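Participant: In numbering that gives the first Met the number 0, the protein residues as written are 0 to 476.
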Amino acid sequence: MSKKLTFPDGFLWGGATAANQLEGAYNEDGRGLANVDVSPVGPDRVKIITGQVKHFDFDNEHFYPAKGAIDFYHHYKEDIALFAEMGFSTFRLSIAWSRIFPKGDEVEPNEAGLKFYEDVFKECRKYGIEPLVTITHFDIPMHLVTEYGGWRNRKVVTFYENLVTVLFNRYKGLVKYWLTFNEINVLLHAPFMGAGIAFEEGENRNQVLYTAAHHELLASAIATKIAHEVDPENKVGCMLAGGKFYPLTPKPEDVKAAMDQDRENYFFIDVQAHGEYPGYALKFFEREGLTIPIEEGDLDILKEHTVDFVSFSYYQTRAAEAHPADQTEANLLASAENPYLKKSDWGWAIDSLGFRITINELSDRYRKPLFVVENGLGAVDVPDENGYVADDYRIDYLDQHIRAMRDAINEDGVEMLGYTTWGPIDLVSAGTGEMKKRYGFIYVDRDNEGNGTLKRSKKKSFDWYKNVIASNGAYLD
Ligand code: P53
Numbered sequence: 000m001s002k003k004l005t006f007p008d009g010f011l012w013g014g015a016t017a018a019n020q021l022e023g024a025y026n027e028d029g030r031g032l033a034n035v036d037v038s039p040v041g042p043d044r045v046k047i048i049t050g051q052v053k054h055f056d057f058d059n060e061h062f063y064p065a066k067g068a069i070d071f072y073h074h075y076k077e078d079i080a081l082f083a084e085m086g087f088s089t090f091r092l093s094i095a096w097s098r099i100f101p102k103g104d105e106v107e108p109n110e111a112g113l114k115f116y117e118d119v120f121k122e123c124r125k126y127g128i129e130p131l132v133t134i135t136h137f138d139i140p141m142h143l144v145t146e147y148g149g150w151r152n153r154k155v156v157t158f159y160e161n162l163v164t165v166l167f168n169r170y171k172g173l174v175k176y177w178l179t180f181n182e183i184n185v186l187l188h189a190p191f192m193g194a195g196i197a198f199e200e201g202e203n204r205n206q207v208l209y210t211a212a213h214h215e216l217l218a219s220a221i222a223t224k225i226a227h228e229v230d231p232e233n234k235v236g237c238m239l240a241g242g243k244f245y246p247l248t249p250k251p252e253d254v255k256a257a258m259d260q261d262r263e264n265y266f267f268i269d270v271q272a273h274g275e276y277p278g279y280a281l282k283f284f285e286r287e288g289l290t291i292p293i294e295e296g297d298l299d300i301l302k303e304h305t306v307d308f309v310s311f312s313y314y315q316t317r318a319a320e321a322h323p324a325d326q327t328e329a330n331l332l333a334s335a336e337n338p339y340l341k342k343s344d345w346g347w348a349i350d351s352l353g354f355r356i357t358i359n360e361l362s363d364r365y366r367k368p369l370f371v372v373e374n375g376l377g378a379v380d381v382p383d384e385n386g387y388v389a390d391d392y393r394i395d396y397l398d399q400h401i402r403a404m405r406d407a408i409n410e411d412g413v414e415m416l417g418y419t420t421w422g423p424i425d426l427v428s429a430g431t432g433e434m435k436k437r438y439g440f441i442y443v444d445r446d447n448e449g450n451g452t453l454k455r456s457k458k459k460s461f462d463w464y465k466n467v468i469a470s471n472g473a474y475l476d
C-alpha cells in the first residue's frame, strides 16, 4: 500500500466568513451604516452593487438581509465552539469598519466595536484557532460614500490608515494573519460593493475605477508597512478573486483574450506582490487616456511594502473568447460556456483540475506562499423531516477540490499555508443577497425573507470535514 498523502505539518484548516454576511446587529453598540447594509435582495441588487444605480438608504420595498444576517454578533460563542469541534486551526472573519469608526472619518474609535472583535479573537484562541482577519470585506461606512465618494477620494486612504493603526495596535498578539482587501479585483466589476462607488452621469468609468484602485493599492501597502512596524510577527496578504480564464478555443485570438482577462484581475496582485505597476497596465492607462493620481512617494511605498503571502478565492474557471456574441452589460460577470464542465445550482462551473491549474499559475507568477481563503459550493439544501441535510453534493465538490490542492502541493511542489472553505456556517450570499444559497457545514434556520429560528444544526458534511482535518487530508483516500 502506498503512503497516504497528507498536507504539510502546520497547514491551517478552517472556514471563511465576512462581517456583513454573518454578524447582523447592524445598528447595535454604535455601529454605523455601511454600503453592504443598503444592498437589498432581489433584481435591483446587481444594479446597486455594480454602481449603476445610486441607492443609499433603506426603503420599505426591499428586504435587507445584512441587517440581521445569521446574528453571529450574539451567537459567536456557539458558532466558534462548533468550528472548534470540527477541528479548525484557523477562522477567517472580517472587521466591520463601521463598528470601529461608525462614520469612518472620526479621530477616536468606538470602544464597543473594538471590544466585540477582541472577545471574538479571544474565543478563537481559547480553542487554539488562529484568526485570519480581513480588514475590509466589501464594506465601507456610508458616510464615506455620501460625503467623500468612496475610494475615488484619496482622503479615504488616510481614514483606512487610521483604521489599521488602531487594529494592529489593539490586536497585537491576538491576530497575526491579515488580509488588506477582500477580492480587491472585484472593485472593477462591482464598484459599489468593492469600493463604495456609484457613478455620476457622464463620468469616465475607467478613470474612476483605476483611481480607486490606486488608492486601495496604496492603502494596502501602507497597511503592510504599519503591520510590520507594530509587530514583526504580523503576516499580511493580498486577496484575489481567483479562477483562471481558459481560452474557449485554441485560436490565438481567444488565447490572447484569456490572457487579457486574467491580467485585468492579476493587475492588482502584480502591484501588491511585485511592488510596481506592470507594463501592460501603464500602456492600458496611456491608451485610455487615464491619469492615475500617483503622488510623490506613492511608488516607493508600493515598492517597499509588498505582501508576505498571496491569498485567493476559488470557485470556478471561466472561458474567454475574442469576439463574444453577447456583450450586454448584464453579462459583465459572465463568461463563455465551457462545454466540458458541469455547473452548480447558480450556474458556476465546477472544475477541480482548474483549481490545481490556478494554484500553479499563482505560484509561478508570485513565488510567495499561497493561502486559499475561499472555496466551496453554493447550493439549495433541503432538510429532511428531522431537519437533517445530507449534502453529499457539497462533500463531492470539496473532496475533489481538496485533492486537487493536495496534488498542487505534493506533485507540483507549491508552498501553501492553509485552506478555508467559504461559509462554514450558512450565511448571506454576497452576489445575490439570498440565504437560500448555502455553503455551510452548519445549517442555519433562516430564509430569504428573514424568517426562522436561527437554530444551528450539523449537516452531513460537518463530520466529513472534521475527519479530513483530523487526518490532515489522509481521510480522502
Ligand atoms: P456568493 C462573486 C460574486 C460576488 C462575490 O459568493 C464573490 C464572487 C466570487 O468571486 O466573491 C466571494 O455569496 C466573496 C464572498 C462571497 C463568495 O465569494 O455570491 O468574497 O463574500 O460570499 C461567494 O455565492
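Every residue, glycine too, gets a C-beta built ideally from N, C-alpha and C.
The structure presented is a predicted model; accordingly, all values stated were derived computationally and were not measured.
Could you check what DSSP says for THR135 in three-state terms: helix, strand or coil?
Facilitator: Residue state, collapsed to three classes: strand.
Participant: Can you tell me whether DSSP reads VAL388 as helix, strand or coil?
Facilitator: Note: VAL388 maps to coil in three-state DSSP.
Participant: Among residues of its own chain, excluding the 5 on either side of ASP230, which ones have a beta-carbon nearer than 6 Å to its beta-carbon?
Facilitator: Excluding positions up to five away in sequence, the list reads LYS171.
Participant: Quick check on the DSSP output: the alpha helix (DSSP H) that includes ARG546 runs from which residue to which?
Facilitator: This structure does not reach residue 546, given that the chain is present from 0 up to 476, and the question cannot be answered.
Participant: In this structure, does DSSP put GLY127 in helix, strand or coil?
Facilitator: GLY127: coil per DSSP, three-state reduction.
Participant: Beta-carbon separation of ASN374 and THR420 under 8 Å?
Facilitator: A contact, by the Cβ cut-off of 8 Å.
Participant: Looking at the unbroken alpha helix (DSSP H) that takes in LEU361, where does it start and where does it end?
Facilitator: Run containing LEU361: 351-365, per the alpha helix (DSSP H) assignment.
Participant: If you draw a straight line from the C-alpha of ALA329 to the C-alpha of LYS76, how long is it?
Facilitator: Low confidence applies here, because ALA329 scores a pLDDT of 43, under 50, leaving its location unreliable; read the following figure in that light. One C-alpha to the other measures close to 41 Å.
Participant: Compute every distance between the C-beta of GLY377 and the non-hydrogen atoms of the ligand P53, then say whether any falls below 7 Å.
Facilitator: Flag set: Cβ of GLY377 near the ligand P53.
Participant: At the level of alpha carbons, what is the spacing between THR327 and PRO190?
Facilitator: Here the model assigns THR327 a pLDDT of 49, short of 50, so the residue's position is not dependable, and the following value carries that caveat. Approximately 18 Å between the Cα atoms of the pair.
Participant: Quick one: is the Cβ of GLU373 within less than 7 Å of any heavy atom of the ligand P53?
Facilitator: Yes, the Cβ of GLU373 comes within 7 Å of a heavy atom of the ligand P53.
Participant: Please state the DSSP three-state secondary structure of LEU239.
Facilitator: Three-state DSSP puts LEU239 in a strand.
Participant: Just confirm the distance between the C-beta atoms of ALA240 and SER312, as a whole number of angstroms; I'd bet it's less than 8 Å.
Facilitator: That pair is a contact at about 5 Å.
Participant: For the region 44-59 and the region 89-106, state whether three or more C-beta atom pairs, one from each stretch, are separated by less than 8 Å.
Facilitator: No, the region 44-59 is not in contact with the region 89-106.
Participant: Looking at the structure shown, is LEU475 part of a helix, part of a strand, or coil, going by DSSP?
Facilitator: LEU475 falls in the helix class under three-state DSSP.
Participant: Taking the alpha-carbon positions, what's the LYS250 to ASP261 distance?
Facilitator: If I take the Cα positions, the gap works out to 17 Å.
Participant: Pull up the distance between the alpha-carbon of ALA83 and that of GLY50, whole angstroms please.
Facilitator: Near 39 Å, if we compare the C-alpha coordinates of GLY50 and ALA83.
Participant: Per DSSP, which one or two residues make a beta bridge with LYS171?
Facilitator: BP columns for LYS171 point to VAL174.
Participant: For ARG405, count neighbouring Cβ atoms within 10 angstroms of its own Cβ and tell me buried if that reaches 16, exposed if not.
Facilitator: That one is buried.
Participant: Rounding to the nearest angstrom, what Cα-Cα distance links THR452 and MET434 in this structure?
Facilitator: Looking at the two C-alpha atoms, the distance is approximately 13 Å.
Participant: Does DSSP put SER470 in a helix, a strand or coil?
Facilitator: Looking at SER470 - three-state DSSP - the assignment turns out to be coil, as it is neither helix nor strand.
Participant: Going by DSSP, what residue range makes up the alpha helix (DSSP H) through ALA83?
Facilitator: 71-85 is the extent of the alpha helix (DSSP H) around ALA83.
Participant: Give the single residue among GLU182, ILE134 and ILE268 whose Cα lies nearest to the Cα of SER362.
Facilitator: Of the listed residues, the one whose Cα sits closest to SER362 is ILE268.
Participant: With DSSP as the reference, label PRO368 as helix, strand or coil.
Facilitator: Three-state result, PRO368: coil.
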